[in-house]
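Novice: Numbering (our numbering), first residue to last: 9 to 388.
C-beta atoms are modelled at their ideal positions from N, C-alpha and C, and glycine is treated no differently.
If you scroll down you'll find the structure; I have some questions about it.
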Amino acid sequence: MLHRSIFLLLTLALCLVPSAAAIAHGQTAGKTLDIYFIDTEGGQATLYVSPSGQTLLVDTGNSGERDLNRILDVLTTAGVKQIDHMWLTHYHGDHFGSMVDLSKRIAIKQLYDHGPSIEGDRPRVAAFQKVYAELYAKIPRSVVKPGDQIAFTGTDMTAVMSDGNPLTRPLAKAPGAGRPNPLCATFAARDESTVDPDNHQSAGFVMAYGRFRTINLGDLTWSREYTLMCPNNNIGTFDLYLTNHHGLDQSGSPAFVHAIQPRVAVMNNGTRKGGAVQTYQTLESSPGFDDLWQLHWSYAGGVEHNPPALQIANIDAPDQLAAIIGMASGAQPAVAPPAGPAGNAAHSPAHYLKVSARTDGSFTVTNSRNGYSKSYAARP
Ligand SMILES: [Zn+2]
């Protein structure tokens, strides 16, 4: 009898063990909005899974097997069967790279973009626009305008930038939206003559899940951030900020970052792309800023600015580890990047960062490399 009771208890316990897919969806912890920041070595591929299981993928990293497989791996981990919404921020190879190959591997139901590229004379962009046109001959496509509501179930998602045009009225229900932005008075314009112009056109959105708010503006640039945030901040404040433009110093002005007051930022950098010292300094001095998480160690940030290794998803070279060990011992070694092209690492596995957000505004960030999680309480 005792044996039978133990057997029944064991059976019950096994039935209660959640599947990996259920954990990935956050189903065990109540309904969450889950966001996966996938490592594409300084490109973007960000997966959003709504509380009801709808999916939104923002950009598709670089072309080639590496990023395609990394995206497919995370889709599998998250139990994703189709991409309900495919959002292209702009027409650069670190964003559109794997889209066509991905469309052959998983169903895509709806496309979003900012309209034609202004770099259509570049052969690679022209070639992508041609195959992209073949995609949207088969899949419904929306050219987004600021203010457009996106039907991503269970969330409140609004386009706020597209084709160089900002949202020009306060966003409804956004805390702090519509107030004058005093930081505009000290905004310092930049020479952007060397910036690839389609970055300016990035299609970007804000998303709310209850009180939780997050923002993804692709590679939006310094001057276009200004048009969105000055003279008034029409979009309010945020819990989670994906650093604009991989953390490059062509973006992420104090007038923008300090006005949106992020609590946590995720940087989709590569070891040698993004992670600019100025970007770190702007985040470090931002009011109410708690933590930065990164997809990679940044050589530019060095030991002074990279966050604790626990919060870095990919640390893939011995010299980076040496630097971190040195940092822990207080030795502060100088770390020079080894020779090699930017954003070309082929390390495997590639780790992601996952955010699970709840309607009260609280959220948890998890590093898939080490399982380290940190929870952030709802704002008062
Ligand atoms: Zn980019």
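(1) Out of Gln258, Leu65, Val57 and Ala321, which has the shortest C-alpha to C-alpha gap to Pro357?
(2) Tell me whether Asp129 sits in a helix, a strand or coil according to DSSP, three-state version.
(3) Whose C-beta lies closer than 8 Å to the C-beta of His266 among residues of the same chain, with five residues either side of it excluded?
(4) Beta carbon of His103: closer than 8 Å to some heavy atom of ligand 2?
(5) From this set, Leu64, Ser376 and Tyr360, which residue's C-alpha is nearest Ile114's C-alpha?
(6) Could you tell me the distance, in whole angstroms, from the CA atom of Glu3 to the CA atom of Ser306?
(7) Please give the ranges of any beta strand (DSSP E) in the segment 281–306, keeping only runs that are unbroken, at least 3 residues long and fully inside the region.
(8) Indicate whether Gln209 and Ile126 have their beta-carbon atoms separated by less than 9 Å.
(9) Which two residues bound the contiguous beta strand (DSSP E) that contains Leu191?
(10) When the Cα atoms are used, what is the spatial distance from Gly69 to Thr176?
(11) Are Ala53 and Arg74 touching if we call contact CB-CB under 9 Å?
(12) Looking at C-alpha atoms only, which residue of Tyr120, Ile323, Asn314 and Pro262 is the closest neighbour of Asn189?
(13) When DSSP builds the beta bridges, which residues end up paired with Ser383?
(14) Following the continuous beta strand (DSSP E) through Tyr234, name the residue where it begins and the one where it ends.
(15) Based on DSSP bridge pairs, tell me the residues matched to Ala167.
(16) Which same chain residues end up closer than 7 Å to Val82 when comparing Cβ atoms and leaving out the 5 residues on each side of it in sequence?
(17) What residue from Lys362, Met165 and Thr222 has the CA that sits closest to Gly369's CA?
(18) According to the Cβ coordinates, are Leu318 and Val272 closer than 9 Å?
(19) Excluding the 5 residues preceding and the 5 following Val66 in the sequence, name in chain order all residues of the same chain whose CB lies nearer than 7 Å to its CB.
(20) Could you give the DSSP three-state label for Tyr140: helix, strand or coil?
(21) Identify every residue that forms a DSSP beta bridge with Ser356.
(22) Just to confirm, are Thr166 and Gly184 a CB contact at a threshold of 9 Å?
(23) Taking C-beta to C-beta, are Asn241 and Leu228 nearer than 9 Å?
(24) For the beta strand (DSSP E) containing Arg149, list its first residue and its last residue.
Specialist: Reading from the atomic positions:
(1) By one-based count along the sequence shown, residue 357 stands at place 349. Answer by Cα proximity: Ala321.
(2) The sequence position of residue 129 within the sequence shown is 121, counting from 1. Coil at Asp129, not helix or strand.
(3) Position 258 of the sequence shown, counting from 1, holds the residue named residue 266. Excluding positions up to five away in sequence, the list reads Leu191, Thr290, Ser293, Ser294 and Pro295.
(4) Inclusion of ligand 2 in the displayed structure is not the case, the ligand content consisting of ligand 1 alone.
(5) Numbered from its first residue, the sequence shown carries residue 114 at position 106. For Ile114, the nearest C-alpha among the options comes from Leu64.
(6) Since the first residue of the chain shown is 9 and the last is 388, residue 3 is not available in this structure.
(7) 299–304
(8) Along the sequence shown, read from residue 1 onward, the residue named residue 209 stands at position 201. Along the sequence shown, read from residue 1 onward, the residue named residue 126 stands at position 118. It is a contact, given that the beta carbons lie within the stated cut-off.
(9) Residue numbering aside, residue 191 sits at position 183 when the sequence shown is read from its first letter. First-last for Leu191: undefined, no H or E at that position.
(10) As a first step, residue 69 is located in the sequence shown; it is residue number 61 there, counting from the start. As a first step, residue 176 is located in the sequence shown; it is residue number 168 there, counting from the start. If I take the Cα positions, the gap works out to 30 Å.
(11) Along the sequence shown, read from residue 1 onward, the residue named residue 53 stands at position 45. Along the sequence shown, read from residue 1 onward, the residue named residue 74 stands at position 66. The answer is no: Cβ separation not under 9 Å.
(12) Along the sequence shown, one-based indexing puts residue 189 at 181. Asn189 has its Cα closest to that of Pro262, out of Tyr120, Ile323, Asn314 and Pro262.
(13) Residue mapping note: residue 383 aligns to position 375 of the sequence shown, counting from 1. Partner(s): Thr372.
(14) Taking the first residue of the sequence shown as 1, we reach residue 234 at position 226. Here Tyr234 belongs to no beta strand (DSSP E); instead the alpha helix (DSSP H) covers Trp230 to Met237.
(15) In the sequence shown, the residue the question calls residue 167 occupies position 159. DSSP lists Phe213 as partners of Ala167.
(16) On the sequence shown, position 74 is the one that residue 82 refers to. Here the set comprises Tyr44, Ile46, Leu55 and Tyr360.
(17) Position 361 of the sequence shown, counted from the first residue, corresponds to residue 369. Among Lys362, Met165 and Thr222, the Cα nearest to that of Gly369 is on Thr222.
(18) The residue you call residue 318 lines up with position 310 of the sequence shown. The residue you call residue 272 lines up with position 264 of the sequence shown. No; because the gap between Cβ atoms is not below 9 Å, this pair is not in contact.
(19) In the sequence shown, counting from the first residue as 1, residue 66 sits at position 58. Gln52, Thr54, Trp95, Thr97 and Asn224, listed in sequence order.
(20) Indexing the sequence shown from 1 puts residue 140 at position 132. If DSSP states are grouped into helix, strand and coil, Tyr140 belongs with the helices.
(21) Taking the sequence shown and counting its residues from 1, one reaches residue 356 at position 348. None, per the DSSP bridge assignment.
(22) Counted from its first residue, the sequence shown places residue 166 at position 158. Counted from its first residue, the sequence shown places residue 184 at position 176. No; because the gap between Cβ atoms is not below 9 Å, this pair is not in contact.
(23) As a first step, residue 241 must be located in the sequence shown, where it is residue number 233. As a first step, residue 228 must be located in the sequence shown, where it is residue number 220. No, Cβ-Cβ distance for Asn241 and Leu228 is not below 9 Å.
(24) The sequence position of residue 149 within the sequence shown is 141, counting from 1. From DSSP, the beta strand (DSSP E) with Arg149 extends over Arg149 to Val151.
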